[in-house]
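Student:
Protein chains: 2
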Amino acid sequence: MAKKHALSITREENYSKWYLEVIKMAELAENSPVRGCMTIKPWGLGIWENIKKEFDKQFKTKGVQNAYFPLLIPLEYLQKEAEHVEGFATETAVVTHSKLEKDENGKLVPASPLEEPYVVRPTSEMIIGEAFSRWVNSYRDLPLCINQWANVMRWENRTRSFLRTSEFLWQEGHTVHATAKEAENYTMQMLKVYTDVNRDILAIPSIDGPKSESEKFPGAVDTYTFETMTQELKALQAGTSHFLGQKFSRSLGITFQSEEGKEEFAWTTSWGVSTRQIGGLIATHSDDDGLVLPPRVAPSHIVIIPMLKNKEKAEAVMTYCQELKAELEEMAYYGNAIDVVLDDSDSNSRSWDWVRKGIPIRLEIGAKELEQNTVFMARRDKDAKDKQTIDKAEFVSTVKSILDDMHNNIYAKAKQLLEDNVKRIDTKEEFYKFFEKDEEGARAPGFALTHWNGDAELEAKIKEDLGVTIRCLPFSEAGKEGLCAFTGEPSKQRALFARAY
Amino acid sequence: MAKKHALSITREENYSKWYLEVIKMAELAENSPVRGCMTIKPWGLGIWENIKKEFDKQFKTKGVQNAYFPLLIPLEYLQKEAEHVEGFATETAVVTHSKLEKDENGKLVPASPLEEPYVVRPTSEMIIGEAFSRWVNSYRDLPLCINQWANVMRWENRTRSFLRTSEFLWQEGHTVHATAKEAENYTMQMLKVYTDVNRDILAIPSIDGPKSESEKFPGAVDTYTFETMTQELKALQAGTSHFLGQKFSRSLGITFQSEEGKEEFAWTTSWGVSTRQIGGLIATHSDDDGLVLPPRVAPSHIVIIPMLKNKEKAEAVMTYCQELKAELEEMAYYGNAIDVVLDDSDSNSRSWDWVRKGIPIRLEIGAKELEQNTVFMARRDKDAKDKQTIDKAEFVSTVKSILDDMHNNIYAKAKQLLEDNVKRIDTKEEFYKFFEKDEEGARAPGFALTHWNGDAELEAKIKEDLGVTIRCLPFSEAGKEGLCAFTGEPSKQRALFARAY
Chain G
419 MAKKHALSIT REENYSKWYL EVIKMAELAE NSPVRGCMTI KPWGLGIWEN IKKEFDKQFK
479 TKGVQNAYFP LLIPLEYLQK EAEHVEGFAT ETAVVTHSKL EKDENGKLVP ASPLEEPYVV
539 RPTSEMIIGE AFSRWVNSYR DLPLCINQWA NVMRWENRTR SFLRTSEFLW QEGHTVHATA
599 KEAENYTMQM LKVYTDVNRD ILAIPSIDGP KSESEKFPGA VDTYTFETMT QELKALQAGT
659 SHFLGQKFSR SLGITFQSEE GKEEFAWTTS WGVSTRQIGG LIATHSDDDG LVLPPRVAPS
719 HIVIIPMLKN KEKAEAVMTY CQELKAELEE MAYYGNAIDV VLDDSDSNSR SWDWVRKGIP
779 IRLEIGAKEL EQNTVFMARR DKDAKDKQTI DKAEFVSTVK SILDDMHNNI YAKAKQLLED
839 NVKRIDTKEE FYKFFEKDEE GARAPGFALT HWNGDAELEA KIKEDLGVTI RCLPFSEAGK
899 EGLCAFTGEP SKQRALFARA Y
Chain H
419 MAKKHALSIT REENYSKWYL EVIKMAELAE NSPVRGCMTI KPWGLGIWEN IKKEFDKQFK
479 TKGVQNAYFP LLIPLEYLQK EAEHVEGFAT ETAVVTHSKL EKDENGKLVP ASPLEEPYVV
539 RPTSEMIIGE AFSRWVNSYR DLPLCINQWA NVMRWENRTR SFLRTSEFLW QEGHTVHATA
599 KEAENYTMQM LKVYTDVNRD ILAIPSIDGP KSESEKFPGA VDTYTFETMT QELKALQAGT
659 SHFLGQKFSR SLGITFQSEE GKEEFAWTTS WGVSTRQIGG LIATHSDDDG LVLPPRVAPS
719 HIVIIPMLKN KEKAEAVMTY CQELKAELEE MAYYGNAIDV VLDDSDSNSR SWDWVRKGIP
779 IRLEIGAKEL EQNTVFMARR DKDAKDKQTI DKAEFVSTVK SILDDMHNNI YAKAKQLLED
839 NVKRIDTKEE FYKFFEKDEE GARAPGFALT HWNGDAELEA KIKEDLGVTI RCLPFSEAGK
899 EGLCAFTGEP SKQRALFARA Y
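Chains as they are written, first to last, in my numbering: chain G, 419 to 919; chain H, 419 to 919.
#1: Answer with buried or exposed for Ala878 (chain G), where buried requires no fewer than 16 other C-beta atoms within 10 angstroms of its C-beta.
#2: Return no unless some Cβ of chain H is closer than 8 Å to the Cβ of Thr514 (chain G).
#3: Going by alpha carbons, who is nearest to Lys478 (chain G) out of G:Tyr557, G:Gly591, G:Glu543, G:Trp461?
#4: Assess contact between the stretch 464-479 of chain H and the stretch 713-730 of chain H, defined as three or more Cβ pairs (one per stretch) separated by less than 8 Å. Is contact present?
#5: With 16 other CB atoms within 10 Å as the buried threshold, where does Asp809 (chain H) fall?
#6: Report the partner residues of Ala755 (chain H) according to the DSSP bridge assignment.
#7: If we cut at 8 Å on Cβ distances, does Asn569 (chain G) have a partner in chain H?
#8: Considering only C-alpha positions, which residue in the set G:Ala734, G:Val735, G:Leu760, G:Gly464 is nearest to Ile723 (chain G)?
#9: In chain G, what lies closer than 8 Å to Glu877 (chain H) by C-beta?
#10: Taking 8 Å as the threshold, find out whether the stretch 478-497 of chain H comes into contact with the stretch 559-569 of chain H through three or more Cβ pairs.
#11: Judging by CA-CA distance, which residue of H:Met824, H:Asn791, H:Thr792 is the nearest neighbour of Ile777 (chain H)?
#12: Contact defined as beta carbons within less than 8 Å: I believe Lys517 (chain G) pairs with Thr510 (chain H). What is the distance between those atoms, to the nearest angstrom?
#13: If the criterion is Cβ atoms closer than 8 Å, does the pair Ala444 (chain H) and Lys775 (chain H) meet it?
#14: Would you tell me roughly how many angstroms separate the C-alpha atoms of Tyr919 (chain G) and Asn484 (chain G), rounded to the nearest one?
#15: Report back the beta-carbon spacing between Thr613 (chain G) and Thr641 (chain G) to the nearest angstrom; my notes put them in contact at under 8 Å.
#16: Whole angstroms is fine: what's the gap from Glu771 (chain H)'s alpha carbon to Trp567 (chain G)'s?
#17: Are the beta-carbon atoms of Thr648 (chain H) and Ala598 (chain H) separated by less than 8 Å?
#18: Compute the Euclidean distance between the alpha carbons of Arg694 (chain H) and Ala424 (chain H), then round it to the nearest angstrom.
#19: Which residues in chain H sit within 7 Å of Thr458 (chain G), going by Cβ to Cβ distance?
#20: Does the CB of Ala744 (chain G) have a neighbour CB from chain H at under 8 Å?
#21: Note down, one range per segment and in chain order, each alpha helix (DSSP H) of at least 4 residues found wholly within the stretch 505-584 of chain G.
#22: Short check: CB of His660 (chain G) to CB of Phe635 (chain G), under 8 Å?
#23: Short check: CB of Leu662 (chain H) to CB of Ala638 (chain H), under 8 Å?
#24: What are the uninterrupted segments assigned as alpha helix (DSSP H) that are 4 or more residues long and contained completely in the stretch 841-868 of chain G, given in chain order?
#25: Would you say Leu438 (chain G) faces chain H, with C-beta separation under 8 Å as the test?
#26: Pop quiz: Pro535 (chain G) and Thr514 (chain G) are said to be a contact at Cβ under 8 Å. What is the actual Cβ separation, rounded to whole angstroms?
#27: Where does Ala916 (chain G) fall in DSSP's three states?
#28: Evaluate contact between the stretch 548-561 of chain H and the stretch 569-587 of chain H, counting only Cβ atoms and requiring at least three cross-stretch pairs below 8 Å.
#29: Does Thr428 (chain G) get closer than 8 Å to chain H when you measure Cβ to Cβ?
#30: Measuring CB to CB, does Leu867 (chain G) end up less than 8 Å from Glu895 (chain G)?
#31: Since Pro528 (chain H) and Val512 (chain G) are thought to touch, with beta carbons under 8 Å apart, how far apart are those beta carbons, to the nearest angstrom?
#32: If you measure from the beta carbon of Met419 (chain H) to each beta carbon in chain G, is any gap under 8 Å?
#33: What does the Cβ neighbour count give for Pro628 (chain H), buried or exposed, with the cut at 16 atoms within 10 Å?
#34: So, with DSSP's three-state summary, where would you put Cys455 (chain H)?
#35: Short of 6 Å in beta carbon distance, which residues of its chain neighbour Gly462 (chain H), apart from the five on each side in sequence? Order them along the chain.
#36: For a cutoff of 8 Å on Cβ pairs, would you count Ala913 (chain G) as touching chain H?
Below is the structure:
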């Protein structure tokens with residue numbers, strides 16, 4: 419007999435539909451009437467608020483201050499850095515008018531054309547760099563470390579909730595330094611903040627390293643990425659940190675007087691993660707019962723489901739539940755108060771509804787638990803039917819270690835998947851065989867670590883043949899030389915190849 | 419001899435220039451290259467983050483959940499509510515193209531015109547209402563209380579940092595209820611959240627009540643406002659809460675099945691405050707030495723300024739300062755950890771720089787304080803030269819009550835200004851004499867509480883003659899009938915008249 423699942427579709431049956439079903443049933447987001455844009459519902463935004471809070475805390479330890487820059491960018495600014503504008507010109511929302519008026523049919527139409535159009539920011543290097551050119555004067559002003567939490571727009575043709583949307587929420591850090599070395603170090607430091615938070619809070623393992631030349635951010639000298647693995651074994655670029663060298667400081671005139679009194683161009687960085695992190699979270703942890711939330715990002719940690727069928731005991735059971743809720747909510751877990759939902763709705767699918775929403779702990783409490791002073795507990799990292807009775811006091815005193823245990827389990831499972839599906843491949847033949855199937859909707863075979871001669875044309879050929887790209891040149895492989903699997907030429911290190919999301 | 423001030427211009431000399439000077443010298447914000455838009459610098463955004471945190475906490479106690487809706491609104495949605503669109507059509511940013519390309523001169527120009535243009539949200543009733551029409555089905559789904567923290571755009575001709583900018587940050591709450599009464603109550607509840615937070619956190623007193631018909635939000639049945647007083651005695655609409663009746667639910671189809679099984683139109687509300695609150699904060703409290711921050715919204719509470727002239731003692735003084743900082747930062751004040759800046763920069767204007775930034779407490783610590791185990795303290799609510807030596811342990815143990823005392827002083831001063839400058843005026847002659855001077859840049863004479871017959875034409879005439887508007891019909895005057903000062907006709911209550919910001 420087939421196992422029954424809380425979702426109407428499984429990963430095995432159709433991964434893409436399953437992904438959308440998780441989002442729908444967990445009430446994370448929905449499509450909006452605006453091309454390629456989603457509406458983020460409270461449960462989804464609650465996850466983002468927790469992610470944001472954690473990153474914000476970490477950024478502050480690195481000396482970062484938040485600021486806010488205009489949504490619109492004048493075209494003349496965008497034009498100042500050639501590679502940068504090339505990278506974004508084909509997907510920008512352009513504001514051309516400042517008014518609406520009615521036409522002869524009473525239909526609203528744009529009026530009052532602007533002399534100079536604006537674009538809705540796809541990223542803010544140019545508008546922030548313009549401010550930096552005024553804010554930075556002396557080496558005493560450096561380093562300058564600014565972050566912005568904001569919405570950005572990049573019109574996409576094929577969108578997918580959280581993973582690729584025309585508007586998304588993100589943070590973009592922008593820093594200015596006196597030396598190349600300091601800027602390079604900072605770029606790496608922020609990448610480490612990203613991978614640490616992903617591991618310790620989102621329970622997501624990743625592989626990090628520099629991008630190849632052709633996969634870099636438009637205008638960057640070096641782009642560092644961390645790549646995670648979805649359950650269909652595709653790579654997801656979860657966030658990036660860029661060393662911009664002096665490119666943007668030269669095009670925008672960010673100069674400073676050095677300690678020796680010389681006027682010098684500064685060195686800049688930028689780095690960002692977005693609501694795509696939620697897509698990564700879904701793709702990494704969820705199962706055929708729906709969303710699985712690592713407890714450190716869950717908007718609520720525990721749901722208490724009072725079982726009130728025994729009418730005589732109903733009031734006492736409710737009191738027992740309310741007291742437990744109050745007791746739990748006095749505790750904190752990872753800087754957030756433990757959040758408890760008391761679901762006394764009359765729905766008869768309460769337990770499964772919360773399974774689908776991925777809440778870490780479910781407590782069912784009825785007359786029996788009241789009598790025995792216990793809770794009947796289910797954990798989202800275990801089978802939905804695997805429930806256990808625990809003494810209430812014991813539950814309260816161990817709830818944080820239960821949550822920690824869940825985090826560790828969820829992380830370990832994801833780590834195992836990643837480790838099991840990265841293959842070292844040493845010949846072209848094996849490589850082409852590994853990646854050969856690329857049908858619409860098919861699972862990928864995994865990641866390949868393969869030596870490559872560094873040639874961009876070869877990289878392009880592989881992409882054309884197999885739809886496979888170099889995700890990064892993993893730090894873990896740096897310095898381990900070998901021979902290119904495709905040409906036999908010398909290779910400085912293995913590259914990480916995969917189908918990407 | 420004239421008193422010296424930390425700003426180059428006083429309120430008396432030129433209020434408008436003084437306001438901008440406060441912002442500049444406190445490094446709150448600056449103008450950007452985008453028409454009418456400002457860049458909010460870290461100290462200014464820090465204030466906003468604290469305001470946001472406090473409101474968010476209060477909203478949650480009223481059952482509000484945060485969500486995020488698209489930045490862009492399709493024209494067809496905007497068009498659905500006639501009064502609403504009229505109110506915003508003349509000041510919207512219109513997105514008409516989805517791409518940029520280079521013209522023959524290499525200049526970037528808009529390309530790929532959209533079939534249907536979008537506007538950048540000036541407010542989100544229409545796009546959120548569209549979602550509500552799908553989210554709400556049964557009385558069981560009600561009340562639905564959603565809030566969004568977002569950026570919005572309304573192109574303004576005359577802008578002023580924080581008070582009126584083309585792009586601003588705000589929150590917009592949108593709720594749906596089963597009955598008119600519940601929606602009306604909710605509208606009032608949220609107004610109370612606003613006035614409470616303004617009094618208890620921002621130290622800003624206000625006068626609240628409904629707007630007159632002509633001053634309502636486009637599409638609202640009732641708009642409630644709270645009005646504060648600037649130091650040039652003008653009124654500032656600090657925030658509004660709207661009862662929308664069934665207007666938006668009818669135009670957007672927000673219906674629900676009642677407990678009796680009947681399909682009914684729902685009742686909706688919306689309410690918002692914005693970064694204008696920071697403008698209000700500046701205009702209410704600041705003085706000729708710069709910004710004055712009520713301690714509960716200050717991004718940092720205390721600056722420690724080590725005096726290191728005695729080179730032998732320098733290291734020991736720094737250690738003393740660092741230890742004090744660490745000790746203070748273990749405490750919390752109004753839900754935030756006490757934030758301490760240790761300013762060991764080599765600037766010789768450190769103390770005045772922090773006065774201008776409005777930090778509540780300044781501690782100067784040198785060899786003498788080290789020896790005596792004391793701190794040399796100055797409070798921003800007192801004269802800059804009024805400093806006192808306190809035992810260090812005593813300072814640490816009383817710092818929270820010092821901050822409370824500052825809050826109370828700052829509030830009391832603002833309350834006094836408001837009370838001293840609201841006049842009950844009973845004749846047209848006196849009213850016209852009171853408001854007669856309306857020169858560019860002139861201070862206003864204060865607010866007038868005057869009986870009015872309720873006639874919109876009379877209201878328009880007064881506005882035309884004197885530049886004075888009805889700010890609200892104060893709750894405190896409700897039910898106190900009288901005779902219209904202008905016509906002798908019956909008046910239900912006094913209206914609050916003022917020149918507005």
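By construction, the Cβ of each residue, glycine as well, lies at the ideal position given by its N, Cα and C atoms.
Tutor: Quick answer:
#1: exposed
#2: yes
#3: G:Gly591
#4: yes
#5: exposed
#6: H:Ala750
#7: yes
#8: G:Leu760
#9: Correct list: empty, because the minimum Cβ distance to chain G is about 27 Å.
#10: yes
#11: H:Met824
#12: 7 Å
#13: yes
#14: 30 Å
#15: With 8 Å as the limit, Thr613 (chain G) and Thr641 (chain G) do not qualify as a contact, their Cβ atoms being about 15 Å apart.
#16: Reading the sequence as shown, one finds Asp at residue 771 (chain H) and not Glu. Each residue's alpha carbon lies about 28 Å from the other.
#17: no
#18: 25 Å
#19: Per the sequence shown, the amino acid found at residue 458 (chain G) is Ile instead of Thr. By Cβ distance, chain H contributes Ala485, Tyr486.
#20: no
#21: 543-553
#22: yes
#23: yes
#24: 846-852
#25: no
#26: 5 Å
#27: strand
#28: no
#29: no
#30: yes
#31: 4 Å
#32: Because the pLDDT at Met419 (chain H) is just 41, under 50, the model does not fix this residue reliably, and the value given afterwards should be weighed accordingly. Met419 (chain H) does not count as touching chain G.
#33: buried
#34: coil
#35: Leu446, Ala447
#36: no
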